[in-house]
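The structure appears right after this line, and notes come after that.
4 protein chains.
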Amino acid sequence: MTRKVCVVVTARPSYSRIRSALVAIEAHPDLELQLVVAASALLDRYGQVVTQIEHDGFAIAERVYTIIEGENPTSMAKTAGLGVLELATTFDNLRPDVVVTIADRYETMSTAIAASYMNIPLAHVQGGEVSGSIDEKVRHAITKLSDLHLVATPGAAERVIRMGEYPSSVHITGCPSVDLAAEVAAAMTEPFDPSLEYGGVGADINPARPYLVVMQHPVTTEHEVAKDQVDATLGAVHDTGIPAMWFWPNVDAGSDGTSRGIRAYREHHEDAPIRFFKNLAPTDFLRLLVGSAAIVGNSSVAIRECAYLGVPAVNIGSRQAGRERAVNVVDVDHDRDAISKAILDRVQGGRCAPDPLYGDGASGPRIADLLATAELTIEKRLAY
Amino acid sequence: MTRKVCVVVTARPSYSRIRSALVAIEAHPDLELQLVVAASALLDRYGQVVTQIEHDGFAIAERVYTIIEGENPTSMAKTAGLGVLELATTFDNLRPDVVVTIADRYETMSTAIAASYMNIPLAHVQGGEVSGSIDEKVRHAITKLSDLHLVATPGAAERVIRMGEYPSSVHITGCPSVDLAAEVAAAMTEPFDPSLEYGGVGADINPARPYLVVMQHPVTTEHEVAKDQVDATLGAVHDTGIPAMWFWPNVDAGSDGTSRGIRAYREHHEDAPIRFFKNLAPTDFLRLLVGSAAIVGNSSVAIRECAYLGVPAVNIGSRQAGRERAVNVVDVDHDRDAISKAILDRVQGGRCAPDPLYGDGASGPRIADLLATAELTIEKRLAY
Amino acid sequence: MTRKVCVVVTARPSYSRIRSALVAIEAHPDLELQLVVAASALLDRYGQVVTQIEHDGFAIAERVYTIIEGENPTSMAKTAGLGVLELATTFDNLRPDVVVTIADRYETMSTAIAASYMNIPLAHVQGGEVSGSIDEKVRHAITKLSDLHLVATPGAAERVIRMGEYPSSVHITGCPSVDLAAEVAAAMTEPFDPSLEYGGVGADINPARPYLVVMQHPVTTEHEVAKDQVDATLGAVHDTGIPAMWFWPNVDAGSDGTSRGIRAYREHHEDAPIRFFKNLAPTDFLRLLVGSAAIVGNSSVAIRECAYLGVPAVNIGSRQAGRERAVNVVDVDHDRDAISKAILDRVQGGRCAPDPLYGDGASGPRIADLLATAELTIEKRLAY
Amino acid sequence: MTRKVCVVVTARPSYSRIRSALVAIEAHPDLELQLVVAASALLDRYGQVVTQIEHDGFAIAERVYTIIEGENPTSMAKTAGLGVLELATTFDNLRPDVVVTIADRYETMSTAIAASYMNIPLAHVQGGEVSGSIDEKVRHAITKLSDLHLVATPGAAERVIRMGEYPSSVHITGCPSVDLAAEVAAAMTEPFDPSLEYGGVGADINPARPYLVVMQHPVTTEHEVAKDQVDATLGAVHDTGIPAMWFWPNVDAGSDGTSRGIRAYREHHEDAPIRFFKNLAPTDFLRLLVGSAAIVGNSSVAIRECAYLGVPAVNIGSRQAGRERAVNVVDVDHDRDAISKAILDRVQGGRCAPDPLYGDGASGPRIADLLATAELTIEKRLAY
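Quick note, the sequences are listed as chains A, B, C and D, same order.
When the letters of the first sequence are read in order and numbered with my numbering, they come out as residues 1 to 384.
When the letters of the second sequence are read in order and numbered with my numbering, they come out as residues 1001 to 1384.
When the letters of the third sequence are read in order and numbered with my numbering, they come out as residues 2001 to 2384.
When the letters of the fourth sequence are read in order and numbered with my numbering, they come out as residues 3001 to 3384.
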């Protein structure tokens, strides 16, 4: 019998991370995909991921607006609550056999609560990882609500089991985001210039010459210092003199601070060799990465996809603390000088060896198979 | 400096479980109590706990209506979501230093999410216990969102730590519900007759003669069989011929099934020696227990308070599976004959020896002291 | 081109009132029916209208749980808000060409706000009538949000136009509830005994002998006196000695008071010739009315359907104040003696002449035709 | 006895419109002000009115986040629903004797529904006016929910009464926004330069030379053409060559379109003599108006405050259609040439004669007196 698999996509990064699995679910003879698009994935301000999803050919079962404005912890909590309220109606109407939630953004908890309270088996992609702050709490709480754990790495599997989950419910699938990276890297033949399609504002950057990719998100529990932190990175990149492609932050507590920092820099450095982008299609972003000299900031892309791609990464601050790292990553604090020194070192070192730590490029089909064949149950206890 | 402690009470049992801690918090020179009453604790149908709270002399900071009708898994999920939405506004206005959530009812997750997303340190009372089904998931997910763990038993402490919490954040306090039981038992001098104050419907029961207390809740993930299950218990109690004081179930998925079973029984057995009650004040319920020959059903009271009180308990079905038990408890399945036999055995065996497994009667002050002195932080990671 | 017509049914009475129009919409070649069932229409406690709807063969597009428990003015307001929140998502997914809202219950405002804020043309059935209290405010506020007015009577049409609506947008259709009454009356051949199918509790009533039908709802703005009011009616019916079929009230502020009154009466008058029913299918209720000696209480059925049926009606209190009346209605206050005297007078007077004031039995097709052909616009101003 | 007056401020313009009444309520011996700040009044993106409110010395009783992101009709409807849900809790906790709602923005309906459903008398400031589209529907629907009508003009009073409100409940108070304008105009001694305090981006404008003030909001029901409409105005102002102070639009369906238009213009006309501002304190905005040669766009300020101030106004498009006008206003369509011609004519004509049509500068105290002395009731019917 065909299983109805409801996947809830709430943001740009969760779409990138799940896309190859969506393709595999849709292609699987025993699965029916019910794709729900919610939260910031629907919003202009965050690059309207929904347009990309439609462009990629997926049918959207429901659209659910849940982001309550404020960009502060109160509005984040309210957004999570509204998400539960809305997704419960969605699931009641779609009647899925299994719900899939992705990673650890604050809105993913809404999916987890709605599904588990409604006695719908819940599959969690990318549990068991270690980072920091609220993401960490959310990720592990979702693990405790989930019935099927589709984790990226052996370390993640071990942690999920140590938290008391049944080993039989934990599967190392690798991360589907790496599938996309593998595909893109294999297909690339020449440098990718994002300004042609996406515009962006700031300097013209030649993608055939060495350039940095910078992506720095505010850290939720430190949202007041978000501006200081982005200021350090801006200063450091400025100091290296290496051209950079820079991305605006996700919606999150603190993103106003980060955005203010970027705007202030732009007003005082109109001629800096930096170009600012709102958002790229996931594949285009990967093209940009494949061609880059290094990635700078605190995005998980640097840790995950870049492990496979061998792109050198300068990871700043606490946001990715505790995640398993391949050799491509060096860590620094929010210190202008330390950051600029690390960037120069990494760029000089050149491309790293590929590492399958977060995936080998075949995670999507593996996830689809597990969704089609794993026993689906909602009964569980602590395994100890 | 005084710490503002916000305690959210959402149901009758959570009030009973936290009452002695509320008294101690209010009396503590370094604490200020902010008591929020929400969900079924505000509703007539569930005995209007709020009236009892006011009668006990507590000032109520806010009242929050969150129960969405339906008594099915969808409406439970929506209730949880609405709770987050509302409590976020409440916390934003009250600005507590620490939020306290109790046990594992589905609405307690709302408190946990609102507080943790708002970067307010979260203390969880009664984590780490093992029972079954959705309660189990909720309880451990709350553990992963909590910063301070005030657990009842050594076994609970061990499990919380094994789930990856910092040992320094885990404190064995015993359960404050036992404080109340201890107080009531010490003060009792004669049999308590609930019909005088609470009425109830059905037979007249003489509290000076042996009687049973029966309390059976539907099990969330089995809500369709709730009626069959209560039918077995009704038949078994009927067969023993021992008079019984019987309680209507809590609001929960399946409570309609349980209520239907009780109503059907009543229509066909008008002369049965059973009296049905909607709800008693916690102290009166404990008086009733202290005087009883045995407690029957699946209430946690049988496991916890009755361990200290030495009241024999017949625990039916899976609802309390995995909880640590003292010698007073015997477990049976939802089988009419097995239940009636267990009741007769237990009643013949007489009162058991008191056991401090779930508390020694001084948990409330211990919890207040920890809320006043423990380091309050929202930063945590897996301890492994 | 086919128009998608979304009808939102939120309660038992609104289903009865719109049923013949639903049949006509479904049968209309230019219309596609999108039926949304929400609020108390989904709940067991209020007779689960949804089951009747399915039994009548309608496909349900979405189910939306919106009732927040409390049965007080605060929870009613919150229910209205939750309804807007949910129905906006529903309309966003269904994309109707026109939304139909019915009458004036507090939840109908949710439909009106969601549709009008979303720029979807809104048709209002049964606007322009005059009754009292919050219903009155809600009804006229919905008129000001509506684009197409499908009113029951000439008086209603005049009032809607006086409130500033374009005369061209106001159509006298009669009330579709009368269609059903006409159909049922035409088909009846023998007395209808509701106890066979519906059970009910209380005395056995012979439907071949004269009996009363009693239906009394709490009045929203007087919810504290709901119990006193039902007590007067209970006493009056008791005094007449005429057997009665009595109905439990709708969910509404005050319904707990009404229910308490009924329960208290039952406990003290076990032998009274009254049988209590939770709810009947609309057609069965009409059968019961057609065979009755009189209807007593404050239901609008007495004013509307009974005008056409010629059933004598004793209307109590302010709930129907201001509605146009045919000769079948006599009004009395909440006074036990006045009520019993009015009942006896009416019953002696016998059946009244039919009056088409609220409809001639063909409203449903008239409404469907208007929904198919009327200009649909959302642009309007005060007509003066 | 002191009456508790709860005023809900949801946006920048509603604060300006009510400020002098807030001062008078706070100063009134028989009134206690409960000020609730909600919706866009809390958000950075819309100039954080809440900061201004605090700076003006008002104590804020509660802050309520209700804006759901999307800036489309669906998210606007959901925002209205969330507002009702939240404000019901707020009113339940504050227990006001009367609630005041202002004008006709979509969120003001939330205040009206929550208060009227909770049986709290509702006072509406600025009802009875005629404009267009959804604002018009909302305004008149609020009138039907309101118990006390505090209108600005004789025409508004007449319309409210014609809609069926009791004449005794309708009071012509003038508009409190004019109070502020009167105060500011009386105190001004020299040209006001907003760039000193507010920065803004674009050209340097000399406030001692003739300049325009431009404020153009998207029209809700035409949100797709918002960009075209702002383009016409940008072109027209460009053509006149007169320097301009230009304001970003309010949050509303379509504001993204308006903002896109402005950003595109700026990129292509870096040297245009226009300076763009996000928001000014109400008093500073009035200072800017008092010193201006004319106001251009579709803001109600042009119709109301500028009538009293005698500032010439070019009103564009349908947004203010139907409002009573003093001699200062000329109307034009969204046509670049027509707009530029009208601007040049108006500027040449110079300052107009003051007109008290919308107020004489003493509305605030008049409103406070009425709130203190008017009979407060929730009972009403159509007056005909």
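For glycine and all other residues, C-beta sits at the position ideal for the given N, C-alpha and C.
Contact set between residue i and chain A, taken where Cβ atoms lie within less than 8 Å
i               : result
residue 1113(B) : 77, 80, 81, 109, 113
Cross-chain neighbours of residue i in chain B, by beta carbon under 7 Å
i               : result
residue 2070(C) : 1042, 1043, 1065
residue 2074(C) : 1065
residue 381(A)  : 1130, 1132, 1136, 1322
Under 9 Å from the C-beta of residue i: neighbouring residues of chain D
i               : result
residue 1089(B) : 3062, 3063, 3064, 3065, 3086, 3089, 3090
Within chain B, the residues that residue i reaches when beta carbons sit closer than 8 Å
i               : result
residue 3093(D) : 1062, 1063
residue 57(A)   : In chain order: nothing, as chain B lies at least about 31 Å away.
residue 384(A)  : 1159, 1162
Beta-carbon contacts of residue i that lie in its chain and below 6 Å, excluding the five residues immediately before and after
i               : result
residue 230(A)  : 216, 258, 261
residue 182(A)  : 361
residue 193(A)  : 207
residue 3331(D) : 3315
Sequence-distant residues of the same chain with beta carbon closer than 7 Å to residue i, five excluded per side
i               : result
residue 3102(D) : 3014, 3017, 3018, 3108, 3125, 3126
residue 236(A)  : 336, 339, 340, 343
residue 2298(C) : 2216, 2217, 2315, 2316, 2317, 2319, 2320
residue 329(A)  : 302, 303, 313, 315
residue 2065(C) : 2042
Beta-bridge partners of residue i, as assigned by DSSP
i               : result
residue 1122(B) : 1099(B)
residue 31(A)   : 3(A)
residue 246(A)  : 214(A), 276(A)
residue 2062(C) : 2036(C)
residue 3202(D) : 3275(D)
residue 313(A)  : 295(A), 329(A)
residue 1148(B) : 1123(B)
Partners in chain B for residue i, counting only beta-carbon separations shorter than 9 Å
i              : result
residue 116(A) : 1077, 1134, 1137, 1138, 1141
Contacts that residue i makes with chain C (C-beta to C-beta distance below 8 Å)
i               : result
residue 3250(D) : Going along chain C, no residue has its Cβ under 8 Å from residue 3250(D), so there is no contact; the nearest lies around 16 Å.
Other residues of its chain near residue i: CB distance less than 8 Å, five sequence neighbours each side excluded
i               : result
residue 53(A)   : 9, 15, 35, 37, 41, 60
residue 1203(B) : 1243, 1271, 1272, 1273, 1274, 1275
residue 1158(B) : 1128
residue 95(A)   : 4
Under 7 Å from the C-beta of residue i: neighbouring residues of chain C
i               : result
residue 3106(D) : 2117
*asked:* So, does the region 3375 to 3383 of chain D touch the region 2131 to 2149 of chain C, judging by three or more C-beta pairs under 8 Å?
replied: The answer is yes - the region 2131 to 2149 of chain C touches the region 3375 to 3383 of chain D, with three or more Cβ pairs under 8 Å.
*Going along the region 2253 to 2286 of chain C in order, which residues come within less than 7 Å of chain B, judged by CB to CB distance?*
Per Cβ criterion, the list reads 2256.
_Would the region 270 to 282 of chain A count as touching the region 229 to 247 of chain A if we require 3 or more Cβ pairs under 8 Å?_
They touch, by the three-pair rule.
*the region 3001 to 3021 of chain D in contact with the region 3367 to 3380 of chain D per 3-pair CB rule at 8 Å*: The region 3001 to 3021 of chain D is in contact with the region 3367 to 3380 of chain D.
*asked:* Pairs of beta-carbons, one from the region 110 to 126 of chain A and one from the region 1329 to 1345 of chain B, closer than 8 Å: are there three or more?
replied: In short, these stretches do not touch, since the Cβ pair count stays below three.
*How about the region 279 to 286 of chain A and the region 174 to 194 of chain A: do they share at least three Cβ pairs that are nearer than 8 Å?*
Contact between the region 279 to 286 of chain A and the region 174 to 194 of chain A is present, with at least three C-beta pairs closer than 8 Å.
*Taking 8 Å as the threshold, find out whether the region 3083 to 3101 of chain D comes into contact with the region 2077 to 2085 of chain C through three or more Cβ pairs.*
Yes, since at least three Cβ pairs between the region 3083 to 3101 of chain D and the region 2077 to 2085 of chain C fall closer than 8 Å, the two stretches touch.
*Going along the region 3143 to 3164 of chain D in order, which residues come within less than 8 Å of chain C, judged by CB to CB distance?*
Residues are counted here when their Cβ sits less than 8 Å from a Cβ of chain C; for the region 3143 to 3164 of chain D these are 3143, 3144, 3145, 3159, 3162, 3163, 3164, given in chain order.
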